[in-house]
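The structure appears below as structure tokens.
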Amino acid sequence: MLPGIIQKRKPLSHFAKRAGWTGCNIVLKDIPDAGKIYVIKDKNVVDIQEVRAMVERINFYRKIKDIEGRGWIADVMNVITQIKKKVFYLKDVYAYVPYLRSLHPNNNNIEAKIRQQLQILRDNKIIEFLGRGVYKKYECDSRERCPEL
Numbered sequence: 001m002l003p004g005i006i007q008k009r010k011p012l013s014h015f016a017k018r019a020g021w022t023g024c025n026i027v028l029k030d031i032p033d034a035g036k037i038y039v040i041k042d043k044n045v046v047d048i049q050e051v052r053a054m055v056e057r058i059n060f061y062r063k064i065k066d067i068e069g070r071g072w073i074a075d076v077m078n079v080i081t082q083i084k085k086k087v088f089y090l091k092d093v094y095a096y097v098p099y100l101r102s103l104h105p106n107n108n109n110i111e112a113k114i115r116q117q118l119q120i121l122r123d124n125k126i127i128e129f130l131g132r133g134v135y136k137k138y139e140c141d142s143r144e145r146c147p148e149l
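Here it is as structure tokens:
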């Protein structure tokens, strides 16, 4: 979980049984598509092997202990989701530099950080590097459609 997808709710009123308690919502729409694991999709139960393949595919994310590192990966994955083309260019991702700068105002090397995150996503088979700033999204919802990890 990232702080950005947790939305704080108003504290309960002083009349409530648990007065002062503050809950939260998880903003599901802010989870990148590549980070979603479906058990039911389009009102159909997803095959257990497909669910396992999806879990295996994003397992690399659990190994990132640094919350800032997780945030960058999730933010770049969100940007890639926003790009509606299957094959996209580095310049397409660079178009989101102002957005990423607003999320990470203390980072003065946004473009370099983007390239670093794209390498991590490439190494973990989320995207494929085709050469000279060209990338391709993997369409993975089952083991058959995913490259071997």
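Here full-length UniProt numbering is used: the first residue of the sequence shown is 1, the next is one more, and so on. All C-beta atoms, glycine included, are put in the ideal place defined by N, C-alpha and C. Note that the structure is a prediction, hence the values are computed from the model and not measured.
Between the alpha carbons of residue 14 and residue 21, how many angstroms are there, rounded? Rounded to whole angstroms, residue 14 to residue 21 spans 9 Å at the Cα level.
So the beta strand (DSSP E) residue 89 belongs to, where does it begin and stop? Where residue 89 is concerned, the enclosing beta strand (DSSP E) stretches over 87-89.
Just mark residue 49 as buried or exposed, buried being the case when its beta carbon has 16 or more other beta carbons within 10 Å. By the neighbour-count rule (16 or more Cβ atoms within 10 Å), residue 49 is not buried but exposed.
Return the residue from the list 18, 108, 41, 6 that minimises the CA-CA distance to residue 27. The shortest Cα separation from residue 27 among 18, 108, 41, 6 belongs to 6.
Roughly how many angstroms separate the alpha carbons of residue 79 and residue 44, rounded to a whole number? Residue 79 and residue 44 have their alpha carbons spaced roughly 28 Å apart.
Please state the DSSP three-state secondary structure of residue 139. The three-state reading of DSSP puts residue 139 in coil, since its state is none of H, G, I, E or B.
Cβ-Cβ distance between residue 107 and residue 113 below 7 Å: Cβ distance < 7 Å, so residue 107 and residue 113 count as in contact.
Should residue 144 be labelled buried (16 or more other beta-carbon atoms within 10 Å of its own) or exposed? Reliability of the predicted coordinates at residue 144 is poor, the pLDDT of 48 falling under 50, and the value obtained from them is presented with this limitation in mind. Only exposed fits residue 144, as fewer than 16 other CB atoms lie within 10 angstroms of its CB.
Per-residue burial, residue 87 [other beta carbons within 10 Å of its own, 16 or more giving buried]: If you draw a 10 Å sphere on the C-beta of residue 87, you find fewer than 16 other C-beta atoms in it, and that means exposed.
What are the partner residues of residue 7, as DSSP defines its beta bridges? Paired residues: 25.
Near residue 90, which residues of its chain fall below 7 Å by C-beta distance, leaving aside the five closest residues on each side in sequence? So the qualifying residues of the chain are 133.
Between which residues of its own chain and residue 12 is the CB-CB distance below 7 Å, once the five residues before and five after are set aside? If you ignore the 5 residues before and after residue 12, its C-beta comes within less than 7 Å of the C-beta of 18, 19, 20, 21, all in its own chain and listed in chain order.
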